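The structure under discussion appears below in the form of structure tokens.
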Amino acid sequence: MTGPFVIDPNVVVAGLLTAEAEAPTARLLDALLAGRLPFLLSVELLAEYRQALLRPQIAAHHALSPAEIDEILVDLAANGHVVEARPVAHPVFPRGDGHLESLLAGAPGARLVTGDERARAAAGARAVTPAAAWQLASGAR
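Residue numbers for the sequence shown follow the working numbering, beginning at 1274 and rising by one.
Below is the structure:
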């Protein structure tokens, strides 16, 4: 089985916005919401998901109400493994991504799923694109 994933907010946003049901981000988000993929979250990461999904430019594209966004977040929280992020002594992630680095620090087998090249570079071999994560996840089932 694939180890747990840490899902960057950009993947959640892309999964919600894409019109392609077969897009890796959409497939990942569907699997997360259905509880078919192991993933880690923290209270801070859930708040980041909410903040990203409620940004006016993004909200204009998905047209979901704050209550509908909260329902999605409740489903994510119910299906994810909520953990406490651990402080990182010498952070290497880009500014604004420290919560992702903290989650990875507390879970040696976890992989970061992100579309952000800088975050992938900082995480090294522990980071994968959404397409690579979907391949790992679908090959593990």
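The C-beta atom is built at its ideal place from N, Cα and C for all residues, glycine as well. All values reported here derive from a predicted model rather than from experimental measurement.
Reduced DSSP category for residue i - H, G, I as helix; E, B as strand; rest coil
i	result
Arg1328	coil
Ala1296	coil
Cβ pair residue i, residue j closer than 8 Å
i	j	result
Leu1314	Ala1287	no
Val1361	Ser1375	yes
Gly1261	Asn1352	The structure shown has nothing for residue 1261, since the chain only spans 1274 to 1414.
Pro1259	Phe1278	It is not possible to answer for residue 1259, since the shown part of the chain is limited to 1274 through 1414.
Pro1403	Leu1289	no
Leu1305	His1372	no
Val1284	Thr1275	no
Arg1384	Ala1395	no
Pro1282	Glu1321	yes
Identified DSSP bridge partners for residue i
i	result
Val1279	Leu1313 and Leu1385
Val1401	Val1386
* To do: Please list the segments of the beta strand (DSSP E) lying wholly inside the region 1298 to 1383, counting only runs of 3 or more residues, in order along the chain.
  => Complete beta strand (DSSP E) runs here, min 3: 1312 to 1314.
* Quick check: the region 1398 to 1412 against the region 1339 to 1347, are there 3 or more CB pairs under 8 Å? -> The region 1398 to 1412 makes no contact with the region 1339 to 1347, as fewer than three CB pairs between them are under 8 Å.
* Count the C-beta pairs between the region 1345 to 1362 and the region 1371 to 1384 that are closer than 8 Å, then say yes if the count reaches three, no if not. => yes
* Asked: Are the region 1385 to 1404 and the region 1366 to 1374 in contact at 8 Å, needing three or more beta carbon pairs?
  -> yes
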